[in-house]
Structures are given as C-alpha cells and as structure tokens.
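For reference, the structure discussed in these notes is given below.
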Amino acid sequence: MPSEDVALDMIRSSIILLLSEKPLHGYGIMKEVEERIGRPVNPSLLYPFLKQLEKNGLVRSTKRPVGQRPKVVYTLTATGKELAARIYKRIASMISMTIEPNLSVCFHCGCKIYEGGYREAIAGREKIFCCAHCAQAYKNELSSAAHSLKIEKGKT
Ligand SMILES: [Zn+2]
-12 MPSEDVALDM IRSSIILLLS EKPLHGYGIM KEVEERIGRP VNPSLLYPFL KQLEKNGLVR
48 STKRPVGQRP KVVYTLTATG KELAARIYKR IASMISMTIE PNLSVCFHCG CKIYEGGYRE
108 AIAGREKIFC CAHCAQAYKN ELSSAAHSLK IEKGKT
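Residues -12 to 143 in the working numbering are what the sequence shown lists, from first letter to last.
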C-alpha cells in the first residue's frame, strides 16, 4: 500500500474514532484531528467522507445550534459504533504486533513485561520476573518441588 493511502486511512480511521467519543461538527473534527495526529484534514477530503459515511448508514447528521448559528453535527450510528470498535481492535493489535517482539515474559506467572521487570540469578542463570514477589513465589515453588522430590525418593 503506498504511504499516502496509509496516511489517508489513518485520517479516516481517526475521524470515525473521534465521532465515537462525541458528536462533532465538521470544523470540530478538523481541529481535533489536527491536534491529535498533527496533520490537517483537507475539507475536500472530510466532507465527501462524512457524506459517504452517512450514505452507508454509519453517521447521522443533524443541525444543532453551535454558538450563533446552527451547524451540522455528525453522530455515529449503532453500525458506525461497531465499525469504530473494529478500528480500535485493529489498532490495538497493530500496536501489540509492534511491541510484542521486544517483550519479556515473567518466568513465573507468564505475564508480559513492557519495561523494567525484576531480574534474579537462580541456580546460576539470570531469569526475568515481573516483580520480586513473583521471583519469590517461583523460588518457593522450586524449593517445595525439590522438597517433595526428596520425599518421593525417601519413600522408595
Ligand atoms: Zn510474574
């Protein structure tokens, strides 16, 4: 996909996500998008896009008084909200795909460690844990496992 398409897709996605937060008029959308992603939205992109969304039943436009005169305010419909939820999911999985390779996993509980974590050398090998408590729990389990092994041996 050419990068221009990706950028457009990002702007379109952010318009839908903005509207999932609150109803906005066209100028409000332009202002918020620029604030958030640092790129202005061209009105010649925005208004046809909103029209297209409305035609597809994703957005409803109503006239509401904003300041001195009524302005057209855009609200997401139930279908539009479903689309917004799918976009959220897509973005979340894109973010985790980018972060995951750099993640460590706690040796004890298996939770993902985004930063920091707790390292301790156990039996001569450094292991990473999410926290000191998890390291302690791991050592407790290890020693009780060793203990029960001894008991097993004692039985035979
Ligand atoms: Zn842990």
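Idealized CB from N, CA, C, for every residue including glycine.
Alpha-carbon spacing of residue i relative to residue j, whole angstroms
| i | j | result |
| --- | --- | --- |
| phenylalanine 36 | asparagine 89 | 37 Å |
| asparagine 43 | proline 30 | 20 Å |
| histidine 95 | valine 28 | 48 Å |
| glycine 97 | cysteine 121 | 10 Å |
| arginine 77 | isoleucine 138 | 52 Å |
| isoleucine 82 | serine 135 | 44 Å |
| glycine 145 | tyrosine 101 | No information on residue 145 is available, as it lies outside the stretch -12 to 143 that the chain covers here. |
Those residues which DSSP pairs with residue i across a bridge
| i | result |
| --- | --- |
| arginine 23 | None, per the DSSP bridge assignment. |
| phenylalanine 116 | Tyr105 |
| proline 57 | Pro52 |
| threonine 62 | Arg47 |
Burial state of residue i (16 or more Cβ within 10 Å)
| i | result |
| --- | --- |
| alanine 133 | exposed |
| isoleucine -2 | buried |
Test item: CB-CB of residue i and residue j under 8 Å
| i | j | result |
| --- | --- | --- |
| valine 59 | glycine 13 | yes |
| threonine 62 | leucine 4 | no |
| threonine 66 | arginine 47 | no |
Environment of ligand 1 in chain order, Cβ to heavy atom below 6 Å: Listed along the chain, these residues meet the criterion: Cys93, His95, Cys96, Cys98, Phe116, Cys117, Cys121.
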